[in-house]
Amino acid sequence: MHRRLMHRFANPARFLRIAKPLTPWLLWMGIALTLGACLWGVFFTPTERLMGDTVKIIFVHVPAAWLGMGGWTGIAIASIVQLVWRHPLAGVSARAIAVPGATFAAICLITGSIWGRPTWGTWWVWDGRLTSMLVLFFLYLGYIALSNASSEKGDTSRVAAVFGIIGAVNIPIINRSVIWWESQHQKASITLGGSSIDQAYLVPLFVSVAGFSLLFGALVLMRMRTALAEMRIEARMRRMADY
Amino acid sequence: MKPKHQRLLLAVIAVFALIGAGLIAAAALREEASYFYTPTTLASANVAPGKAIRLGGMVQKGSIVRAPDGVSIIFTVQDKDKTQKVAYRGITPDLFVEGSGVVADGRLGADGIFIADSLLAKHDENYVPKELADIDMNSAEHTKDTLSK
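Protein chains in written order, with this note's numbering: chain D, 913 to 1155; chain W, 951 to 1099.
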């Protein structure tokens, strides 16, 4: 059953039939929710008891952290699917995630740094959380370089897939870094057990996370479609060269 | 066994090995990767006076004493069990308030007082609108304990 479900999308043509109309929906819903949440967050949330207005950078910082880490989780899952099931779209999706994932990891680091200066009194410290997040960004750069250097256009090499799986070790480390080690960064505000963020910030934060996530999905679909188109062009060129 | 199942088995083994290796490494780093000592870990660590270290914890309520010169302060950092006196000379961060977190760079003096060269404020994981916090800006109320242990 699950195999049939998975292989229904093995055919790129079928995937493209769904991805094409889905892309603008994700894109415009994502843009609308993101803009709405950010405006809501900046102009219609109260100042925080200690941080004042600097708290409002949370509406970009947290979604960026979520997508930076979620992106690599996606790469790791796609890499396993690629290596085990040889699903033709797995490698394409892993590569499509890499650049947006790296971008959001960078946004997380930059907004965190901007937030750290007024609240902590420093742009950067080498504590467990900040360091492991920086390592994630470097892993993305390594993955992008490796997959570009070792792959045919569009498709992903097995070396890159193995790298994608190994790099996933860092994800639980980022998550646990503030629990395992004393750190400058505070502990998780949102856990499975609940949230220590007041409703006034939590609701727009969830809207923002949803908006950025839809945007991320749209970017990944666009990049997958581009990669598939490139593969088709390449295949056609090869056929033409054979004649 | 079909080749696909072989690959699946290999992938499962690899993932478990990776998780195991990660956990072992993290456990080994437990002390080394902590960004600062808390008063409790400092008390049991036998750190030599003069050695550069970091100390973190909560600024004890009512402990900040400002010297007449205006820039020197003495305060107490506490965690759940122990306290540590800290002396600092300089401008404190905006979020440096009693009842909130602090991370101090410095060293232990011969008299047991921690001499801080720089102070960083440590925010906790609670985000509370100003009007909901029935406290003034010089004191933070905490519903959750920010220190582990």
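Heads up, the beta-carbon is just placed ideally off N, CA and C, and yes, glycines get one too.
Check: Along the beta strand (DSSP E) that carries Ala-1071(W), what are the first and last residues, could you check?; Outcome: 1064 to 1072
Check: Scan the region 1066 to 1079 of chain W for residues whose Cβ lies nearer than 9 Å to a Cβ of chain D and list them as they occur along the chain.; Outcome: Ser-1068, Leu-1069, Leu-1070, Ala-1071, Lys-1072, His-1073, Asp-1074, Glu-1075, Asn-1076, Tyr-1077, Val-1078, Pro-1079
Check: What residues from chain W crowd round Tyr-1113(D), counting only those whose CB sits closer than 7 Å?; Outcome: Tyr-1077
Check: Give the range of the alpha helix (DSSP H) segment to which Met-1045(D) is assigned.; Outcome: 1040 to 1062
Check: Taking only three categories from DSSP, how would you classify Phe-1046(W)?; Outcome: coil
Check: Please classify Tyr-1055(D) as buried or exposed, where buried requires at least 16 other C-beta atoms within 10 Å of its C-beta.; Outcome: buried
Check: The beta strand (DSSP E) spanning Ile-1003(W) covers which residue range?; Outcome: 1003 to 1009
Check: For the alpha helix (DSSP H) holding Gln-1096(D), just list the boundary residues, first then last.; Outcome: Where Gln-1096(D) is concerned, there is no enclosing alpha helix (DSSP H), given that its DSSP letter is neither H nor E.
Check: Mind pulling the chain W residues with CB within less than 7 Å of Thr-1034(D)?; Outcome: Leu-1070
Check: Let's test the definition: count the other Cβ atoms within 10 Å of the Cβ of Glu-960(D) and tell me whether it reaches 16, buried, or not, exposed.; Outcome: buried
Check: Determine whether the Cβ of Ile-992(D) lies closer than 7 Å to any Cβ atom of chain W.; Outcome: yes
Check: How would you call Asn-996(W), buried or exposed, if buried means at least 16 neighbouring beta carbons within 10 angstroms?; Outcome: exposed
Check: In the DSSP assignment, what are the bridge partners of Ser-1107(D)?; Outcome: Ile-1102(D)
Check: Give me, in chain order, the residues of the same chain whose beta-carbon lies closer than 8 Å to that of Val-1119(D); leave out the 5 immediate sequence neighbours on both sides.; Outcome: Leu-945, Gly-948, Ala-949, Trp-952
Check: Is there a Cβ of chain D sitting closer than 7 Å to that of Gly-1006(W), yes or no?; Outcome: yes
Check: For Thr-966(D), count neighbouring C-beta atoms within 10 Å of its own C-beta (all shown protein chains included) and say buried if the count is 16 or more, exposed if not.; Outcome: buried
Check: By a C-beta neighbour count over all protein chains shown, 10 Å radius and 16 as the cutoff for buried, is Ala-1002(W) buried or exposed?; Outcome: exposed
Check: Three-state secondary structure (DSSP) at Thr-1026(W)?; Outcome: strand
Check: Using DSSP with H/G/I as helix, E/B as strand and the rest coil, what is Gly-1056(W)?; Outcome: strand
Check: Using CA atoms only, rank isn't needed, just tell me which of Lys-1080(W), Pro-1018(W), Lys-1030(W) is closest to Thr-991(W).; Outcome: Lys-1030(W)
Check: CA-CA distance, Val-1074(D) and Val-1081(D)?; Outcome: 12 Å
Check: Evaluate Lys-1072(W) with the Cβ neighbour count: other Cβ atoms within 10 Å of its Cβ, from every protein chain shown; 16 or more gives buried, anything less gives exposed.; Outcome: buried
Check: Quick one: is Gln-956(W) buried, meaning 16 or more other Cβ sit within 10 Å of its Cβ, or exposed?; Outcome: exposed
Check: What does the alpha-carbon distance come out to for the pair Phe-966(W) and Leu-1133(D)?; Outcome: 31 Å
Check: Within 10 Å of its beta-carbon, does Arg-1070(D) have 16 or more other beta-carbons around it, so buried, or fewer, so exposed?; Outcome: exposed
Check: Specify whether the region 965 to 985 of chain W and the region 1010 to 1024 of chain W touch according to this definition: at least 3 beta carbon pairs, one from each stretch, less than 8 Å apart.; Outcome: no
Check: Closer than 9 Å, Cβ to Cβ, to anything on chain B: give me those residues from the region 958 to 971 of chain D, in chain order.; Outcome: The structure shown contains no chain B; its protein chains are D and W.
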